[in-house]
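Participant: Protein sequence lines correspond, in order, to chains D and L.
Letter 17 of the first sequence, counting from 1, is numbered 17 in full-length UniProt numbering, and no numbers are missing.
Letter 295 of the second sequence, counting from 1, is numbered 295 in full-length UniProt numbering, and no numbers are missing.
Where a beta carbon is used, it is the ideal one built from N, C-alpha and C, also for glycine.
Number of protein chains: 2
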Amino acid sequence: MDTTLTPDAESGLRDEAKPSRRDYDALPASDPKSPVALFGTDEPLAMDSGLTLAPFQIAYQTAGTLNAERSNAVLICHALTGDQHFAHTHPVTKKPGWWETLVGPGKPIDTDRYFVICSNVIGSCMGSTGPASLDPATGRPYGLGFPLVTIRDMVRAQAMLLDRLGIRDLFLCIGGSMGGMQVLQWASLFPERVFAAMPIATGARHSAQNIAFHEVGRQAIMADPAWADGRYLEEGTRPAKGLGVARMGAHITYLSEPALHRKFGRRLQNRAAPTFSFNADFQIESYLRYQGLSFVERFDANAYLYLTRAMDYFDLAEDHGGVLAEAFRGSKTRFCVISFTSDWLFPTADSRAIVHALNAVAAPVAFVEVESDKGHDAFLLDEPALFSAARGFIDAAARARGL
Amino acid sequence: MDTTLTPDAESGLRDEAKPSRRDYDALPASDPKSPVALFGTDEPLAMDSGLTLAPFQIAYQTAGTLNAERSNAVLICHALTGDQHFAHTHPVTKKPGWWETLVGPGKPIDTDRYFVICSNVIGSCMGSTGPASLDPATGRPYGLGFPLVTIRDMVRAQAMLLDRLGIRDLFLCIGGSMGGMQVLQWASLFPERVFAAMPIATGARHSAQNIAFHEVGRQAIMADPAWADGRYLEEGTRPAKGLGVARMGAHITYLSEPALHRKFGRRLQNRAAPTFSFNADFQIESYLRYQGLSFVERFDANAYLYLTRAMDYFDLAEDHGGVLAEAFRGSKTRFCVISFTSDWLFPTADSRAIVHALNAVAAPVAFVEVESDKGHDAFLLDEPALFSAARGFIDAAARARGL
């Protein structure tokens, strides 16, 4: 996959740059509780597809204080269905921030010491511009008219946000799963801007099996007549059933067989005997149905299509002549790569491939395989071995940086 | 799960037994190319749900010749979406029989020596009575009015077929996946009728993760408006999209990550570069879409619901006080249990649990874990180690039986 912008496309971008029309005021901010950085038509986002996005906006959250040297910034990159609410109560779900286990005063990512930023990725639906946003050219939601987004596009947008915030260097770039892909892309695209990088439960490319699971989810959404070829917002419908099925299937891949066995086994739901019907007899069925239902309340179906596609397209080696090590050649970033033994979505072999590539270019890298039966989602859960590895790596990096 | 028929239900069955009304002539035979055994209202099928099925029919195929002693009969039990066309061209798909690799003249299951039978399971859609059949009480297709089917119900129906064919004992009962569940159920329910048993790529119970995958598939079907609460045959619609999505998701679980990587990797479909769209850019996407499309041409959506449910309900230990060994106590059957290293749907641990249970009751058992990267579907594919294990076991059993 060659997703490098051609010189023509780049110069095309520059030709199109016009003074901001401030029409981005019309874009929806689905999360009014987050600060939003607005980028006008004079600051377009150049995308791997060769298209540009302008105007656009990035919703983000911060915690802690930027020091005078501006040297203590941490960028957290969220996963597929994550968002910027990493360390405070979510405004929609009212649940705790998704990484409060790792981030906060005295935590491994210590908000008493670091200035922590997390922005909603481009293409998502939590306040940053995505397919549910209004297309200023038509006055209607983009839908499938939104340009395809890549992991690199997400990272470029984040870099523009950091520029806006006056942050040149990141002390640390960290994230799990799709967030980990962004971390790898950051370290490869802007090595001089990343002091330390911590990709967790991720891979330098999406495997055939992972693409396959994503494709099933997309087909489930597109099979829902309420999806209406992506124009459901205009039609006033919602592909809730299709999106729910997609989420149910994906959710299985985030867990592990041992965890499912421990948590649910073959236990029946509120019943002493099976009903000999298609009711949710088993607890696992009831749990999955709930996961599907609660997801559709908080996520946009088209955004799900776009973000799964971004992960599928990710192949850092392909962008460097098929040699992953080349993605990191000359890097001075220090890495800590983390995997979990029961993660079958991004198995340890994927992390080892990253480590081997870093070794090949003599980049400083630590690797920790955390023993856990919680599957891929372990990076979001209470995993003391993850916390201690993160604390050790981050504290050492802080000392090296004089923080 | 207690699925034992209560005495009341059993006597109720007997009360309901009436002379055959021959109204089964009205039932559809979706496969007119197979012989069909008809069972009238005087021969009802007693089901685990407590309900009875009458009249009903079983479509089957045979190969080879029954010897004078009637001692050389082999019953092949097919998998979830399999059928009775095990060793001859399929009348619908025109593909070779699904087990021609293993069955035929000179093959491990040698049709020059054995009389081989394979019947379409009750609840399926290839000629045996299932939810797509006409309910004689209403004159309309059963749909969800068809009683829930269990693995034990399938085996009971097969036993009635063997009775009809004048076959008391099976020399061998063999099958993979759901077919392996039937083999285990045969050996447990009718131990005196099974001389040798070969359960392949299966388990004595369906795991939480497997139930979860099945539930996603069912929800995909039920989410399709064309499913029409199961009445699509009456409505003249077909839930092709929902069934296609279900099949796509299930198909992933039949393969393995290494096999998908070897077969497809991240190769693009007929294109030099990604299209930056939701087209099937990757070969794996195109392959999966084809799997979904071709499946809906040959399979009934409600039958898929019923058969997945039958697998979910299967838990042989639960039927014996939670102790799997009790399912086989006193058995004189000789077993050969086969698993495949890359099968993550029914991993080797599931087969080991069967072997341990058989060991606990001192049943003769051989166990072979076949090294293969082909995943669950390996039992259907060209696996020389499977063939040699099967040949060795079957030849030895034949000698022991004096065949």
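1. If you pair each beta-carbon of the region 151-165 of chain D with each one of the region 329-347 of chain D, do three or more pairs fall below 8 Å?
2. Note down the Cα distance separating L/S256 from D/H376, rounded to an integer number of angstroms.
3. Is the beta carbon of D/L307 less than 8 Å from the beta carbon of D/S124?
4. If you pair each beta-carbon of the region 349-367 of chain D with each one of the region 318-328 of chain D, do three or more pairs fall below 8 Å?
5. Mind checking D/R309: buried by the 16 CB within 10 Å criterion, or exposed?
6. To which residues of the same chain is L/F282 closer than 8 Å at the C-beta, ignoring the five residues directly before and after it?
7. Roughly how many whole angstroms lie between the Cα atoms of D/S34 and D/I221?
8. I'd like to know whether the C-beta atoms of L/L243 and L/V296 end up nearer to each other than 8 Å.
9. For a contact meaning CB atoms closer than 8 Å, what does residue 405 of chain L contact in chain D?
10. Could you please tell me which residues of the region 281-303 of chain L, in chain order, have their CB closer than 9 Å to any CB of chain D?
11. By the DSSP assignment, the beta strand (DSSP E) with D/M154 in it spans what residues?
12. Taking the DSSP output, what are the residues bridged to L/S119?
13. How long is the line joining the alpha carbons of D/E215 and L/S277, rounded to whole angstroms?
14. Please report the Cβ distance between L/P147 and L/L53, rounded to the nearest whole angstrom; I am assuming they are in contact, meaning their Cβ atoms lie under 8 Å.
15. With distances taken from CA atoms, which of D/P191, D/L189, D/A204, D/F190 is nearest D/M178?
16. Can you tell me where the alpha helix (DSSP H) with D/L75 in it begins and where it stops?
17. Comparing the C-beta of L/Q61 with each C-beta of chain D, is any distance below 8 Å?
18. Closer than 7 Å by beta-carbon distance: list the chain L residues that pair up with D/H261, in chain order.
19. With a threshold of 16 other CB atoms inside 10 Å of the CB of L/Y24, please say whether the residue is buried or exposed.
20. Which residues, in order along the region 184-196 of chain L, keep a beta-carbon less than 7 Å from a beta-carbon of chain D?
21. Measure from the alpha carbon of L/Y60 to the alpha carbon of each residue in L/R218, L/D300, L/P191, L/G127, then state which is nearest.
22. Once the 5 residues before and after L/R22 are set aside, which same chain residues still bring their CB inside 7 Å of it?
23. Do D/A201 and D/D343 have their beta-carbon atoms positioned less than 8 Å apart in this structure?
24. Taking all protein chains shown into account, decide if D/K94 is buried (16 or more other Cβ within 10 angstroms of its Cβ) or exposed.
25. Report yes if the CB atom of L/I394 is closer than 8 Å to the CB atom of L/L172, and no otherwise.
26. I'd like the list of long-range same chain contacts for L/A196, defined as Cβ closer than 6 Å, with 5 residues on each side in sequence excluded.
27. Taking C-beta pairs closer than 7 Å, name the residues in chain L that D/Y313 reaches, listed in chain order.
28. Using a Cβ-Cβ distance cut-off of 8 Å, determine whether D/P44 contacts chain L.
29. Going by DSSP, name the residue or residues bridged to D/P199.
30. Is D/D163 buried or exposed, if buried means 16 or more other CB atoms sit within 10 Å of its CB?
31. If you follow the alpha helix (DSSP H) that D/A245 is in, where does it begin and where does it stop?
32. So what's D/A228 in DSSP terms, helix, strand or just coil?
33. Using the beta-carbon of each residue, which ones in chain L are nearer than 7 Å to D/E257?
34. What did DSSP end up calling L/G392 once you bin it into helix, strand or coil?
35. Is L/P225 close to chain D, meaning its C-beta is less than 8 Å from at least one C-beta of that chain?
36. By DSSP, does D/E69 sit in helix, in strand, or in coil?
Facilitator: The structure says:
1. no
2. 18 Å
3. yes
4. yes
5. buried
6. F264, R266, R267, L268, Q269
7. 28 Å
8. yes
9. A query on residue 405 of chain L cannot be resolved here, the shown segment of chain L reaching from 1 to 403 and no further.
10. D281, F282, Q283, I284, E285, Y287, L288, R289, G292
11. Counting along the chain, D/M154 falls outside any beta strand (DSSP E), though it belongs to the alpha helix (DSSP H) covering 151-165.
12. L/Y60
13. 12 Å
14. 6 Å
15. D/A204
16. Element bounds for D/L75: not the alpha helix (DSSP H) but the beta strand (DSSP E), 73-77.
17. no
18. S207, A208
19. With a pLDDT of only 32 at L/Y24, under 50, the local geometry of the prediction cannot be trusted, and no value is derived from it.
20. none
21. L/G127
22. Its pLDDT being 34, under 50, L/R22 is placed unreliably by the model, and the measurement read from it follows with that caveat. Once the five neighbours on either side are set aside, the close Cβ partners of L/R22 are G40.
23. yes
24. exposed
25. yes
26. L172, R334, A397
27. P274
28. no
29. D/G175
30. exposed
31. First, the residue type needs correcting, since residue 245 of chain D is Val and not Ala in the sequence shown. Residues 240-254.
32. helix
33. S207, Q209
34. helix
35. yes
36. coil
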